[in-house]
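Contents: one structure, followed by commentary.
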Amino acid sequence: MKLKTKWFNKWSKKNHITDKKLLDTLNNISNNLGVTDLGGSLFKVRTPKIAQGKSGGYRTIVVFRESDVAIFVYGFSKNEKSNIEKEELKYFKILAKDLLSINRQEYRVLEKLGDFISIKE
């Protein structure tokens, strides 16, 4: 299951990040390319800006469990923010634990309610 939160969907549209780029980002997690493992199935991943590459691009926070679930929960531009704060990391780890406890059927309901958006393959 590949999803993005309602907030992340709005942010990614504003920054012209396509579902194709998000799928590429998930491949990078699987191949450990430009990825920081934050623990607790939480990853910070480089996502390139158009015509700028990864280093000056975006950072996305993804809840990821191989062959099961991937949920984009947060993103920021490297020129706006250098990294996430310790308090934010604590929050994201709690969020990851909660999101991983939800089953597929519940995700489908939440998707219908608009809380999550499926990433188009």
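Those letters in the sequence shown? Residues -15 to 105, per my numbering, in order. Cβ atoms here follow ideal geometry from the backbone N, Cα and C, with glycine treated the same way.
Short Cβ contact (9 angstroms threshold) for residue 17 with residue 105: Taking the sequence shown and counting its residues from 1, the one referred to as residue 17 is at position 33. Taking the sequence shown and counting its residues from 1, the one referred to as residue 105 is at position 121. For residue 17 and residue 105, no; Cβs fall outside 9 angstroms.
Rounded separation between residue 25 and residue 1 - CA only: For the purposes of this step, residue 25 is taken as residue 41 along the sequence shown, with counting starting at 1. For the purposes of this step, residue 1 is taken as residue 17 along the sequence shown, with counting starting at 1. Each residue's alpha carbon lies about 23 angstroms from the other.
In DSSP terms, what residue 59 is bridged to: What you label residue 59 is simply residue 75 of the sequence shown in a count that begins at 1. Answer is 44, bridged to residue 59.
Residue 9 (DSSP reduced to helix, strand or coil): Position 25 of the sequence shown, counted from the first residue, corresponds to residue 9. Here residue 9 sits in helix by DSSP.
Classification of residue 93 by the beta-carbon crowding that lies within 10 angstroms, buried from 16 upward: If you number the sequence shown from 1, residue 93 lands on position 109. The residue is exposed, with fewer than 16 neighbouring Cβ atoms inside 10 Å.
Coarse secondary structure for residue 102, derived from DSSP in three states: Taking the sequence shown and counting its residues from 1, one reaches residue 102 at position 118. Residue 102 falls in the strand class under three-state DSSP.
For residue 21, the first and last residue of its enclosing beta strand (DSSP E): Position 37 of the sequence shown, counting from 1, holds the residue named residue 21. Unbroken beta strand (DSSP E) run through residue 21: 19 to 23.
In DSSP terms, what residue -11 is bridged to: The residue labelled residue -11 in the question sits at position 5 within the sequence shown. Note: residue -11 sits in a beta bridge opposite 100.
Rounded straight-line distance, which links the Cα of residue 89 to that of residue 9: Residue 9 sits at position 25 when you count from the first residue of the sequence shown. Residue 89 sits at position 105 when you count from the first residue of the sequence shown. Taking the straight line joining both Cα atoms gives about 25 angstroms.
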